[in-house]
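J.: Residues -8 to 70 (my numbering) make up the sequence shown, in order.
Let me give you the structure first, and then I'll get to my questions.
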Amino acid sequence: MSEDSSSKMVKYTIMASLASSISLVSLFAALSIAINSSRGSEVYSQVDIIAGMAFVFVLSMIVAASVWPAVIEKKLKME
């Protein structure tokens, strides 16, 4: 793998990891706010939801950092 290809892979991996993590955090936030507002009384405070969003972001970045490089490497080899 050349240096240019390697730098592309790193760039694409970071972008894909951030995009997938941000979309999962958005999904988590939307669902937790919807569930919280659909009940008569609030089950989760705003601090709980924000802490959950941070937790989901960190965990999804860890998983995405191990999944995306293999996927992107296969795509770059196909080019």
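Every residue gets a Cβ at the ideal spot worked out from N, C-alpha and C, and that includes glycine.
1) Taking the continuous alpha helix (DSSP H) assigned at serine 51, which residues delimit it?
2) I need the straight-line Cα distance from alanine 55 to leucine 22, nearest angstrom please.
3) Pull up the distance between the alpha-carbon of valine 47 and that of leucine 18, whole angstroms please.
T.: Reading off the structure:
1) 37 to 69
2) 21 Å
3) 10 Å
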